[in-house]
Amino acid sequence: MITAGDFRNGMTFEEDGNVMQIIEFQHVKPGKGAAFVRTKVKNVITGSVVEKTYNPSAKFPTAFVERKDMQYSYSDGELYHFMDQETYEDVPVAAKDLGDNFKFVKEEMMCKVLSYKGKVFGVEPPNFVELQVTQTDPGFAGNTATNATKPATLETGAEIRVPLFINEGELIRIDTRTGEYMERVK
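So the number in the numbering used here is just where the residue sits in the sequence shown, counting from 1, plus 8.
Encoded structure:
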């Protein structure tokens with residue numbers, strides 16, 4: 009059990025049958041009245057974020073979210089299949105449980121599969137991935153002075169903006185959290 013007075017960023021707890029994660033918190037002691045804890049919490053199953061206030065003495069059961077490294081194997085259209093590296097068990101995940109940043113993941117990549125009490129509710133791709141540019145306009149030498157960008161299609165089908173000097177066939181590093189180009193891979 010944790011009390012609202014012990015809240016810290018990233019903690020997970022159960023409330024009304026939902027698993028909540030603390031994004032931000034602030035202990036408030038007004039001049040008049042009782043102290044309270046103002047929080048911004050995210051429902052880890054649905055992804056919704058709400059602001060709530062709690063009495064500092066309110067108690068909640070701790071929720072243990074399992075984050076397991078698994079290898080992305082393949083997609084059969086509606087389900088995405090991941091393989092547990094220890095037991096070689098196949099874990100199917102519905103497309104609705106994948107985030108927008110999953111478009112940067114290709115087969116054989118390691119991802120973190122998130123589950124609570126055995127129910128998978130999300131997948132975290134690696135923070136940085138290296139992908140090949142499959143389609144973009146030709147680059148021009150010397151286009152490094154400005155921050156101008158052009159659209160590029162990657163080997164996974166995702167589209168991002170890249171600097172003008174990037175050509176088709178080049179390997180680039182991408183930050184999956186922001187979807188931004190980072191650098192060329194030599």
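Using N, Cα and C, we set each Cβ at its ideal position, and we do this for glycine too.
Reduced DSSP category for residue i - H, G, I as helix; E, B as strand; rest coil
i, result
"phenylalanine 44", "strand"
"aspartate 14", "helix"
"valine 170", "strand"
"alanine 160", "strand"
"valine 73", "coil"
"threonine 186", "coil"
"serine 65", "coil"
Cross-strand partners of residue i (DSSP beta bridge)
i, result
"arginine 192", "Ile180"
"methionine 6", "A query on residue 6 cannot be resolved here, the shown segment of the chain reaching from 9 to 194 and no further."
"isoleucine 30", "Val49"
"threonine 54", "BP columns for threonine 54 are empty, so no partner."
Candidates the options, of which the one nearest residue i by Cα
i, options, result
"aspartate 14", "Leu87, Glu115, Pro69, Gly177", "Pro69"
"proline 146", "Leu139, Pro159, Val137, Gly39", "Pro159"
"tyrosine 88", "Gly39, Asp105, Lys127, Asp77", "Asp105"
"glutamate 178", "Glu74, Glu188, Gln143, Asp77", "Gln143"
"lysine 125", "Val27, Met19, Asn155", "Val27"
"glycine 187", "Glu167, Lys120, Glu74, Asp24", "Glu167"
"glutamate 226", "Leu122, Arg192, Gly25, Gly18", "The structure shown does not extend to residue 226, since the chain is modelled only from 9 to 194, so the question has no answer here."
"proline 100", "Ala156, Thr61, Ser83", "Ser83"
"lysine 60", "His35, Gly130, Phe112", "His35"
"glutamate 94", "Asp77, Pro64, Ala103", "Asp77"
"asparagine 135", "Phe72, Arg16, Thr184", "Thr184"
"aspartate 24", "Glu191, Asp92, Lys67", "Lys67"
Range of the contiguous beta strand (DSSP E) that encloses residue i
i, result
"valine 57", "57–62"
What beta strand (DSSP E) runs, 3 residues minimum, are completely inside the stretch 85–157? 87–92, 98–102, 118–124, 127–132, 136–144, all fully within the stretch 85–157.
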